[in-house]
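Asks:
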Amino acid sequence: MKRDEMESLQLDRLRNTVGAVYKHVDFYREKFEELGIVPEDIRSLDDIAKLPFTNKQDFRDHYPFGLFAVPQEEIVRIHGSSGTSGKPTIVGYTSDDINVWAEVVARSIVAAGGKRSDTFHNSYGYGLFTGGIGLHYGAEALGMAVVPMSGGNTKRQITMIEDLKPRGIGGTPSYMLTIAEKMKEAGINPRQSSMEYGIFGAEPWSEELRKKIEETFNLKAVDIYGLSEIMGPGVSVECHEAQNGLHVQEDHFYVEVINPETLEQVAEGEEGELVFTSLTKRALPIIRYRTGDISSITREICKCGRTTIRMSRVKGRTDDMMIIRGVNVFPSEIERVLLKVESLVPHYQIHLVRADSLDNVELHVEIDDALYETIAGDLTDGRVIQLKKEIQSLIKSTCLVSMEVILNIPKTIPRSEGKAIRIIDFRNKNVVGV
Ligand code: DLL
14 MKRDEMESLQ LDRLRNTVGA VYKHVDFYRE KFEELGIVPE DIRSLDDIAK
64 LPFTNKQDFR DHYPFGLFAV PQEEIVRIHG SSGTSGKPTI VGYTSDDINV
114 WAEVVARSIV AAGGKRSDTF HNSYGYGLFT GGIGLHYGAE ALGMAVVPMS
164 GGNTKRQITM IEDLKPRGIG GTPSYMLTIA EKMKEAGINP RQSSMEYGIF
214 GAEPWSEELR KKIEETFNLK AVDIYGLSEI MGPGVSVECH EAQNGLHVQE
264 DHFYVEVINP ETLEQVAEGE EGELVFTSLT KRALPIIRYR TGDISSITRE
314 ICKCGRTTIR MSRVKGRTDD MMIIRGVNVF PSEIERVLLK VESLVPHYQI
364 HLVRADSLDN VELHVEIDDA LYETIAGDLT DGRVIQLKKE IQSLIKSTCL
414 VSMEVILNIP KTIPRSEGKA IRIIDFRNKN VVGV
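Sequential numbering of the sequence shown, starting at 14, is according to this note's numbering.
In structure tokens form, the structure reads like this:
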């Protein structure tokens with residue numbers, strides 16, 4: 014679609030959405046009144062900047078159904094987001110919403126290289142989490158044969174991959190590493206599997222991890238993004254042709270990038286916090302949702318021919334950003350370093366600890382079986398000390414901070430079956446970054 018056509022469609026849909034929330038959602042009407050605006054003030058897409066933001070706390074304050082815009086009898090589905098503490102965020106869908114969602118996921122699968130005739134192995138968790146059922150409905154809408162595996166029970170997943178020979182797979186990137194490891198343990202070469210493409214997301218991952226997964230399984234890996242508050246998976250996706258930025262499904266979701274401090278929109282290409290407005294959702298229309306996810310956008314046309322805005326891969330969430338002696342670091346930046354180091358497996362965990370009343374960061378990594386055998390299990394071996402120094406200096410030169418690196422013996426870092434837990438805060442024993 015040409016830009017001007019897309020923008021005129023977006024404006025119509027935005028005005029409808031704004032009218033609906035003003036009429037049906039007390040929370041928004043009160044916010045509009047506080048700001049002294051009425052729906053008729055939205056005359057151009059730029060006027061979106063006049064509208065109030067919505068954030069996670071607003072969902073909590075109106076838990077569970079306070080932000081819904083339709084009566085309960087129109088709701089056909091409830092989902093929730095994996096909260097790190099307390100109650101999950103509850104979201105709802107009408108049957109029209111479910112159809113739109115299936116369509117954006119179906120488009121995403123096609124963008125990833127999927128076809129109607131494929132068998133699709135779905136390792137995203139089924140349940141309140143939107144990943145499993147979201148991908149499922151999209152794959153079915155496309156006419157694929159979906160294998161609804163959900164997460165976990167890795168041995169059985171492998172049997173199904175071996176026997177049903179899917180062409181496509183979906184799951185979190187960290188769970189793919191777990192599947193690869195278990196395949197190798199069972200004497201199966203992941204490169205010989207039938208899978209030709211994978212649709213991975215639900216957590217931040219790096220370009221280096223993409224390469225690792227592509228090499229390990231001999232498939233094409235694309236990034237899919239989404240969040241329950243806005244819909245679920247399928248808000249944006251990479252195309253297999255370019256694998257260079259995620260195409261935002263702009264006819265359903267309006268994207269902005271803001272400076273989280275000033276709340277002003279930043280220039281195209283500049284990094285900031287992603288903000289989404291739903292344009293067609295009926296059960297739970299959302300205005301300017303602050304995602305906490307850090308990315309940037311470009312209007313440059315992609316080589317695949319799609320004309321939508323693309324967002325860069327999400328670097329991380331503002332909640333997961335560590336400020337170490339004044340320097341901002343995201344786990345994904347640490348991951349990029351670790352994946353370049355030989356003799357390490359691609360599993361890691363960051364521990365925030367307090368020693369002598371100072372905050373410290375411990376980076377837990379794990380050596381591979383080959384090195385473990387070479388050193389005969391002796392972690393005081395010179396080669397291990399040398400490896401530790403090498404990692405510490407790479408982290409220092411890349412992330413500009415010093416970290417205590419702790420090398421562990423094989424199979425000690427917990428393996429992911431869904432969203433990986435990258436940071437554990439031992440200072441107050443909270444797990445963050447789920
Ligand atoms: O994770 C939806 C989803 C399912 C997306 C399956 C992709 C695949 P929530 O549980 O609500 O929904 O978590 C949303 O996860 O705000 C991001 O912080 C993070 N996230 C999702 N996709 C990506 C991605 C689903 N591709 C939160 N890259 C979002 C980085 C992602 N982070």
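Every residue, glycine too, gets a C-beta built ideally from N, C-alpha and C.
What does DSSP give as the partner residue(s) for serine 94 in the beta ladder?
Replies: Working through the sequence shown from its first residue, we reach residue 94 at position 81. Thr102, per the DSSP bridge assignment.
Asks: For valine 447, which three-state DSSP category applies?
Replies: As a first step, residue 447 must be located in the sequence shown, where it is residue number 434. Because the pLDDT of valine 447 is 37, which lies under 50, any placement of that residue in the model is unreliable, and the number read from its coordinates should be weighed accordingly. Coil.
Asks: Quick check: the Cα distance between glycine 446 and isoleucine 434, rounded to an integer number of angstroms?
Replies: Taking the sequence shown and counting its residues from 1, the one referred to as residue 446 is at position 433. Taking the sequence shown and counting its residues from 1, the one referred to as residue 434 is at position 421. Low confidence applies to glycine 446: its pLDDT is 46, below 50, so where it sits in the model is not reliable, and the reading given next is rough at best. If I take the Cα positions, the gap works out to 6 Å.
Asks: Among Asp438, Glu254, Lys36, which has the Cα closest to the Cα of glycine 126?
Replies: Within the sequence shown, residue 126 is the residue found at index 113, counting from 1. Among Asp438, Glu254, Lys36, the Cα nearest to that of glycine 126 belongs to Glu254.
Asks: Between the Cα of histidine 377 and the Cα atoms of Tyr41, Ile347, Asp391, which residue gives the shortest distance?
Replies: Translated into the one-based positions of the sequence shown, residue 377 becomes position 364. Looking at the Cα atoms, Ile347 is the closest of the given residues.
Asks: Look at isoleucine 300 and threonine 102 and say whether their C-beta atoms are less than 8 Å apart.
Replies: Numbered from 1 along the sequence shown, position 287 holds the residue referred to as residue 300. Numbered from 1 along the sequence shown, position 89 holds the residue referred to as residue 102. No, the pair does not count as a contact, with Cβ atoms beyond the cut-off.
Asks: Among the residues of its own chain, which have a CB less than 7 Å from the CB of glycine 79, if the five just before and after it don't count?
Replies: By one-based count along the sequence shown, residue 79 stands at place 66. Contacts found: Phe40.
Asks: Quick one: what does DSSP say threonine 331 is sitting in, helix, strand or coil?
Replies: Taking the first residue of the sequence shown as position 1, residue 331 is located at position 318. The answer is helix: DSSP assigns threonine 331 an H, G or I state.
Asks: Quick test of your reading: glycine 183 and isoleucine 212, contact by CB under 8 Å. State the CB separation rounded to the nearest angstrom.
Replies: Indexing the sequence shown from 1 puts residue 183 at position 170. Indexing the sequence shown from 1 puts residue 212 at position 199. With a Cβ gap of about 4 Å, glycine 183 and isoleucine 212 count as contacting.
Asks: Using the beta-carbon count (16 or more within 10 Å), is isoleucine 398 buried or exposed?
Replies: Translated into the one-based positions of the sequence shown, residue 398 becomes position 385. Classification of isoleucine 398: exposed, given that the 10 Å Cβ count is below 16.
Asks: Does the beta-carbon of isoleucine 307 have 16 or more other beta-carbons within 10 angstroms, so that it is buried, or is it exposed?
Replies: What you label residue 307 is simply residue 294 of the sequence shown in a count that begins at 1. Around the CB of isoleucine 307, 16 or more other CB atoms lie within 10 Å, so the residue is classed as buried.
Asks: Roughly how far, in whole angstroms, is the beta-carbon of valine 261 from the beta-carbon of methionine 324, given that I think they are within contact range, below 8 Å?
Replies: Residue numbering aside, residue 261 sits at position 248 when the sequence shown is read from its first letter. Residue numbering aside, residue 324 sits at position 311 when the sequence shown is read from its first letter. With a Cβ gap of about 6 Å, valine 261 and methionine 324 count as contacting.
Asks: For a test of the three-state rule: what should DSSP assign to glycine 395, helix, strand or coil?
Replies: Reading the sequence shown from its first residue, position 382 is the one you call residue 395. Glycine 395: helix per DSSP, three-state reduction.
Asks: Quick check: what's the CA-CA separation for proline 179 versus alanine 280?
Replies: Residue numbering aside, residue 179 sits at position 166 when the sequence shown is read from its first letter. Residue numbering aside, residue 280 sits at position 267 when the sequence shown is read from its first letter. Annotation: proline 179 to alanine 280 spans about 42 Å, alpha carbon to alpha carbon.
Asks: Apart from the five residues just before and just after valine 327, which ones in its own chain have a Cβ nearer than 8 Å to its Cβ?
Replies: Reading the sequence shown from its first residue, position 314 is the one you call residue 327. Once the five neighbours on either side are set aside, the close Cβ partners of valine 327 are Pro217, Tyr238, Leu287, Asp306, Ile307, Ser308.
Asks: Just to confirm the assignment, what range does the alpha helix (DSSP H) spanning histidine 37 have?
Replies: By 1-based counting over the sequence shown, the position of residue 37 is 24. Run containing histidine 37: 16-37, per the alpha helix (DSSP H) assignment.
Asks: Consider the Cβ of glycine 318: report whether some Cβ of chain D lies at a distance smaller than 8 Å.
Replies: You won't find chain D in this structure, because it holds only one protein chain.
Asks: Look up asparagine 135 in the DSSP assignment and give the residues it is bridged to.
Replies: Here the question's residue 135 lines up with position 122 in the sequence shown. According to DSSP, which records beta bridges pairwise, asparagine 135 is partnered with Pro161, Gly183.
Asks: What is the rounded straight-line gap between the Cα of glycine 329 and the Cα of serine 219?
Replies: Numbered from 1 along the sequence shown, position 316 holds the residue referred to as residue 329. Numbered from 1 along the sequence shown, position 206 holds the residue referred to as residue 219. Approximately 10 Å, taken between the alpha carbons.
Asks: Tell me where the alpha helix (DSSP H) around phenylalanine 343 begins and ends.
Replies: In the sequence shown, residue 343 corresponds to position 330, counting from 1. Counting along the chain, phenylalanine 343 falls outside any alpha helix (DSSP H), and DSSP gives it neither H nor E.
Asks: Within 7 Å: the Cβ of methionine 330 and any heavy atom of ligand 1?
Replies: As a first step, residue 330 is located in the sequence shown; it is residue number 317 there, counting from the start. The displayed chain sequence assigns arginine, not methionine, to residue 330. Under cutoff, so the answer is yes.
Asks: Would you call the segment 67-76 in contact with the segment 105-113, where contact means no fewer than 3 C-beta pairs closer than 8 Å?
Replies: no
Asks: If you draw a straight line from the C-alpha of glutamate 242 to the C-alpha of arginine 169, how long is it?
Replies: Against the sequence shown, residue 242 aligns to sequence position 229. Against the sequence shown, residue 169 aligns to sequence position 156. In a straight line, the C-alpha of glutamate 242 is about 32 Å away from that of arginine 169.
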